[in-house]
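In our numbering, the protein residues as written are 1 to 306.
The block underneath contains the structure these notes are about, expressed in structure tokens.
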């Protein structure tokens, strides 16, 4: 299976303004909006937000206090900017979908052609996706694919390379993602070493809250997708307990039983948290439409996989 993951450069400054393109794209999807319709409202709201906007650049040691006028695009960081970009991107993707090859067999029919989260998009197929064709269509819509950030992944039965591919912050391989999460959670834990080291100056409840918010959440990110063996669960629980001992300031030769440690920290084995997350994700998928990618993937593995 081939996965093509394009990355876009958001540059609309060369020709028409960002807002003009979005509104025109909206009109092309259907009839031109009449006064008082949604299209006109959107246009008025957009111009009221970014029309006659001035920006000011602040550089240390330089006199840049005089503002300058900007009438093209929306400033980076503007909460309106990503919303407009997604609206415009969807119109471009409609044209891309119409050009993708139709499924050649039952197996391909169950595979989603596209997986998208905001502007993070994967095009999927049983053969290499026609990248050049996709890039040409996006170029017509003034969307330039960033080649340096674009990924091409081949998911093969006897290949392990795909397991280190990242999707929405998670690595595709369970073991690889667990090690990645451990590493990131340790980084978060080390950033607060002064708090853990001086345990007598911070309340235990406060330290546990900090750990749950800033470290444990990093460790458990997207854990509902993990496929764990019994050995993986034991290693994960051991890693979790090691972090809890640091939070409490318990060091050798001081000892504490696992049961007492969990009780003192008001925690449960982290493997149970992962199990609950998997059940929540499974229930969420079952409640959704059969046409979503997650349900298609399940049907493919359970019923149509050769």
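Heads up, the beta-carbon is just placed ideally off N, CA and C, and yes, glycines get one too.
**Prompt:** Residues bridged to residue 121 by DSSP?
**Reply:** According to DSSP, residue 121 bridges with 116.
**For residue 68: DSSP bridge partner residues** = DSSP, once it has assigned bridges, lists 55 as partnering residue 68.
**Prompt:** Can you name, in chain order, every residue of its own chain whose Cβ lies under 7 Å from the Cβ of residue 246, other than the five neighbours on each side?
**Reply:** For residue 246, same chain residues with a beta-carbon under 7 Å away, outside a window of 5 residues either side, are 189 and 196 in chain order.
**Item:** Proximity to residue 264 [Cα-Cα], best of 209, 87, 253 and 59
**Value:** That would be 209, whose Cα lies nearest to the Cα of residue 264.
**Message:** Please classify residue 194 as buried or exposed, where buried requires at least 16 other C-beta atoms within 10 Å of its C-beta.
**Reply:** Exposed, because fewer than 16 other Cβ atoms sit within 10 Å of the Cβ of residue 194.
**Request:** For residue 151, name the three-state secondary structure that DSSP assigns.
**Result:** Correct three-state label for residue 151: strand.
**Request:** Please go through the same chain and pick out, in chain order, the residues whose beta-carbon is closer than 6 Å to the beta-carbon of residue 181, but skip the five residues on each side of it.
**Result:** Cβ neighbours of residue 181 within its own chain (closer than 6 Å, five residues either side excluded): 219.
**Prompt:** Skipping 5 residues on each side, what residues in its chain have a beta carbon closer than 8 Å to that of residue 277?
**Reply:** Hits under 8 Å: 220, 223 and 224.
**Asked** For residue 96 versus residue 137, is the C-beta distance shorter than 9 Å?
**Response** Cβ distance < 9 Å, so residue 96 and residue 137 count as in contact.
**Asked** What do you get for residue 240, buried or exposed, if any count of 16 or more other CB atoms within 10 angstroms of its CB means buried?
**Response** Note on residue 240: 16 or more other CB atoms within 10 angstroms of its CB, so buried under the neighbour-count rule.
**Asked** With DSSP run on the structure shown, which of helix, strand or coil describes residue 163?
**Response** The three-state secondary structure of residue 163, taken from DSSP, is helix.
**Prompt:** Do residue 226 and residue 274 have their CB atoms nearer than 9 Å?
**Reply:** Contact flag set, yes.
**Message:** Please report the straight-line C-alpha distance between residue 12 and residue 186, rounded to a whole angstrom.
**Reply:** Model confidence at residue 12 stands at a pLDDT of 39, short of 50, so the residue's coordinates are unreliable; what they give is reported in the following sentence. It is roughly 40 Å from the alpha-carbon of residue 12 to the alpha-carbon of residue 186.
**Prompt:** If you draw a straight line from the alpha carbon of residue 153 to that of residue 271, how long is it in whole angstroms?
**Reply:** Rounded to the nearest whole angstrom, the C-alpha separation of residue 153 and residue 271 is 30 Å.
**Item:** Per DSSP, cross-strand counterpart(s) of residue 170
**Value:** The partner list for residue 170 (beta bridge, DSSP) reads 167.
**Asked** Buried or exposed: where does residue 244 fall if 16 or more other Cβ atoms within 10 Å of its Cβ makes it buried?
**Response** Taking a 10 Å sphere around the C-beta of residue 244, we find 16 or more other C-beta atoms and assign the residue as buried.
**Item:** Contacts around residue 119, its chain only, beta-carbon distance under 7 Å, and the 5 residues preceding and following it disregarded
**Value:** Exclusion of the five residues before and after residue 119 leaves 8, 85, 86 and 89 as the residues of its chain whose Cβ lies within less than 7 Å of its Cβ.
**Prompt:** What's the C-alpha gap between residue 253 and residue 242?
**Reply:** Whole-angstrom Cα-Cα distance: 14 Å.
**Request:** Give the secondary structure of residue 182 by DSSP, where H, G and I count as helix, E and B as strand, and everything else as coil.
**Result:** It is helical.
**Item:** Three-way DSSP call (helix, strand, coil) for residue 191 in this model
**Value:** Coil, per DSSP.
**Asked** By DSSP, does residue 303 sit in helix, in strand, or in coil?
**Response** The answer is helix: DSSP assigns residue 303 an H, G or I state.
**Item:** First through last residue of the alpha helix (DSSP H) which encompasses residue 258
**Value:** Segment 258-265, the alpha helix (DSSP H) holding residue 258.
**Alpha-carbon spacing of residue 57 relative to residue 80, whole angstroms** = One alpha carbon belongs to residue 57, the other to residue 80, and they sit about 20 Å apart.
**Message:** Using a 10 Å radius around the Cβ and a threshold of 16 neighbouring Cβ atoms, would you call residue 292 buried or exposed?
**Reply:** Classification of residue 292: exposed, given that the 10 Å Cβ count is below 16.
**Prompt:** What residue range is occupied by the uninterrupted alpha helix (DSSP H) comprising residue 92?
**Reply:** That run of the alpha helix (DSSP H) goes 80-99.
**Request:** May I ask you to report which of helix, strand or coil DSSP gives residue 25?
**Result:** Below a pLDDT of 50, predicted positions are generally treated as unreliable, and residue 25, at 47, falls in that range; the measurement from the model is reported next regardless. DSSP, reduced to helix, strand and coil, places residue 25 within a helical segment of the structure shown.
**Item:** Straight-line gap, residue 266 to residue 159 (C-alpha atoms, nearest Å)
**Value:** For the pair residue 266 and residue 159, the Cα-to-Cα distance works out to about 42 Å.
**Request:** Please state if the CB of residue 178 and the CB of residue 236 are separated by a distance shorter than 9 Å.
**Result:** For residue 236 and residue 178, yes; Cβs fall inside 9 Å.
**Prompt:** What do you get for residue 207, buried or exposed, if any count of 16 or more other CB atoms within 10 angstroms of its CB means buried?
**Reply:** Label assigned to residue 207: buried.
**Message:** If distances are taken between C-alpha atoms only, which option among 192, 260, 115 and 268 comes closest to residue 233?
**Reply:** For residue 233, the nearest C-alpha among the options comes from 268.
**Prompt:** Can you tell me the Cα-Cα spacing of residue 62 and residue 53, whole angstroms?
**Reply:** Taking the straight line joining both Cα atoms gives about 22 Å.
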